[in-house]
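Numbering (the working numbering), first residue to last: 198 to 331. Contents: one structure, followed by commentary.
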Amino acid sequence: MTSADAVTSADAVLRARIDLPTTAGSVPVARRLVAQLLQAWSAQNRHEESMLLLSELVTNVVRHVTPATTFTIELILSALKLRVAVVDASAAPPLLSQRGPAGGHGMWLVNALSDRWGSDEQTSGKQVWFELDQ
């Protein structure tokens, strides 16, 4: 399910939520849907970084959260920044773990390429987010 809301004012903010199953097939689907949404919003600035960081967050959900659940991608675009958040059912916070041949690079990339990132506890899980200045 995808929804988008626009607030019409000088400080226009666009918002969208995308709910997907916690399966490996959701990684390319998330990239495609978010890319189409950003194109519709004329938000091509820093497109490559946003797609890479989104892929890392969604891949972390697929790898580390119990299957047979769903997760939500939340996007907020303003004139100043793009905020992308992934909400999942796991309470375990993201870690800058040891990098190696088998992985562990995802959050290091988020840390290196985003302008800001973090994790917030939710009622039933967490939200991991990044921001890119426009």
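From the three backbone atoms N, C-alpha and C, an ideal C-beta is built for every residue, glycine too. Predicted, not measured: the structure shown is a model, and the values here were computed from it.
If the criterion is Cβ atoms closer than 8 angstroms, does the pair residue i and residue j meet it?
i	j	result
A232	I215	no
L310	V281	no
V255	V224	yes
Q241	L235	yes
L272	R212	yes
L306	E245	no
For residue i, write down the residues that DSSP places opposite it in a beta bridge.
i	result
P218	T267
V307	Answer is none; V307 lacks a bridge partner.
L279	L274, L329
D317	Q324
In the DSSP assignment, find the beta strand (DSSP E) that holds residue i and state where it starts and stops.
i	result
R228	R228 -> not in any beta strand (DSSP E); alpha helix (DSSP H) instead, spanning 223 to 237.
S294	Unbroken run through S294: none, as it is neither H nor E.
V255	No beta strand (DSSP E) holds V255; the alpha helix (DSSP H) holding it covers 244 to 261.
Which class does residue i belong to by DSSP, given the choice of helix, strand or coil?
i	result
L329	strand
K323	strand
A286	coil
A209	coil
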